[in-house]
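Q: Residue numbers (the numbering used here): 1 to 416.
Yeah, the Cβ is synthetic: ideal placement off N, Cα and C, and Gly gets one too.
Quantities reported herein were computed from a predicted structural model and do not represent experimental measurements.
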């Protein structure tokens, strides 16, 4: 990576731009390969591609995995060419394989799942690299899956058991040097962020312990039948790494993204309702052909495991409606609006005071001049009215003295 120097700053590439470009490439690969791995690890009865064939001589319409790899028009999962200027198309990129790139012999999705599974143990190296690059470059969450992943992970990172603040939570709630006093969150705000995520106890229950929270959608990451997972973000762990050095970016995300989170969940709920595949309440989510591409568009996939057969489209729609209309997200948006009001109130009051002062000054300047003219005109008219000879008005033979030197009242010669 080239380091820009003082003498050749215009010739050498920018290190930050190169790092962001690397992040976009890694994240796009992580997103697509994670989705491909999830699909290839599922059986065909579960909506997956484990038993589907791909290869040079495989027809795309007959194989969904072949259509996805070759970006065929028959693929139900919409992808786009990588466009660095379009931030909304940096994850669902084209796979870019041609038939010549695929093996001559027929292979199944299970083979791809084996290749993409980590072979060195521990975390997936590509996912780990993506997490570090997202943390270093502060990649803002955009899709529904990314927004849900951020708030679900971030709400759990602010506290450590039993109820103490973590280093990240302490950095977010303390005032920093060379910064205004309002550049931090209060304990009540941190609790609201934690509550929108949901509890994480071993005996938690959705409807009792944390109703209408994000954990009702993603589960509690524990083996508990009461907290089943309804959906799974494709790049959930890519937003699980945070640093106290970037608290100002996290503060900005926490303040401005709750509205976007609410809008994204509402959009997902409305899109699922429009599909009309939830009429059959017993039909599982992963067996709905229209729902899987829609979830992929939002950066989400159905959950893994044997319990997914109990998850129907209607259940997901009902739970999404409850989360969107629930109290946790509403309290989070209210708390952040109050936070912004506390910052903007002095500026608003100052602006109103300046406008009132300017208005009063302009009004005083205009009305003062008008009042002086009116008073002078009134005094002149009053004084002149006493000088008019009333008898001259009644007698035609008597000439009335004029208040002006050159013009006389009822001067026939003048009018003629």
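Pull the bridge partners of residue 300 from the DSSP assignment, please.
A: According to DSSP, which records beta bridges pairwise, residue 300 is partnered with 233.
Q: In whole angstroms, give me the CA-to-CA distance for residue 111 and residue 69.
A: 14 Å
Q: Do the region 260–279 and the region 67–81 make contact, defined as three or more Cβ pairs closer than 8 Å?
A: no
Q: Mark residue 49 as exposed unless 16 or more other C-beta atoms lie within 10 angstroms of its C-beta, in which case mark it buried.
A: buried
Q: Taking the alpha-carbon positions, what's the residue 256 to residue 170 distance?
A: C-alpha separation (whole angstroms): 20 Å.
Q: As a quick exercise: from 213, 211 and 165, pick the residue whose alpha carbon is nearest that of residue 190.
A: Nearest of 213, 211 and 165 to residue 190, Cα basis: 165.
Q: Let me confirm a value: residue 96 is counted as buried when at least 16 other C-beta atoms fall within 10 Å, else exposed. Which label applies?
A: It is exposed - the Cβ of residue 96 has fewer than 16 other Cβ atoms within 10 Å.
Q: Tell me whether residue 47 is buried or exposed, calling it buried when 16 or more other Cβ atoms sit within 10 Å of its Cβ.
A: buried
Q: Cβ atoms of residue 237 and residue 133: under 8 Å apart, would you say?
A: no
Q: With residue 193 as the anchor, note down where its alpha helix (DSSP H) starts and where it stops.
A: 187–197
Q: Output the distance between the C-alpha atoms of residue 29 and residue 349, rounded to the nearest integer angstrom.
A: Spanning the two alpha carbons is a distance of roughly 50 Å.
Q: Measure the Cβ-Cβ separation of residue 324 and residue 262 and say whether it is below 8 Å.
A: Against a cut-off of 8 Å, the Cβ pair of residue 262 and residue 324 comes out as a contact.
Q: Can you name, in chain order, every residue of its own chain whose Cβ lies under 8 Å from the Cβ of residue 26, other than the five neighbours on each side?
A: 126, 129, 130 and 133
Q: Can you tell me whether residue 335 is buried or exposed? The criterion is at least 16 other CB atoms within 10 Å of its CB, across all chains shown.
A: buried
Q: Measure the alpha-carbon distance for residue 304 versus residue 347 and round it to whole angstroms.
A: Residue 304 and residue 347 have their alpha carbons spaced roughly 51 Å apart.
Q: Leaving out five residues before and five after residue 157 in sequence, what residues of the same chain have Cβ atoms less than 7 Å from its Cβ?
A: 166, 168 and 242
Q: Could you check where the alpha helix (DSSP H) with residue 110 kicks off and where it finishes?
A: 109–116
Q: Can you give me the C-alpha to C-alpha distance between residue 151 and residue 193, rounded to a whole angstrom?
A: 8 Å
Q: What's the C-alpha gap between residue 10 and residue 144?
A: Low confidence applies to residue 10: its pLDDT is 44, below 50, so where it sits in the model is not reliable enough to give any reading.
Q: For residue 173, which three-state DSSP category applies?
A: Here residue 173 sits in helix by DSSP.
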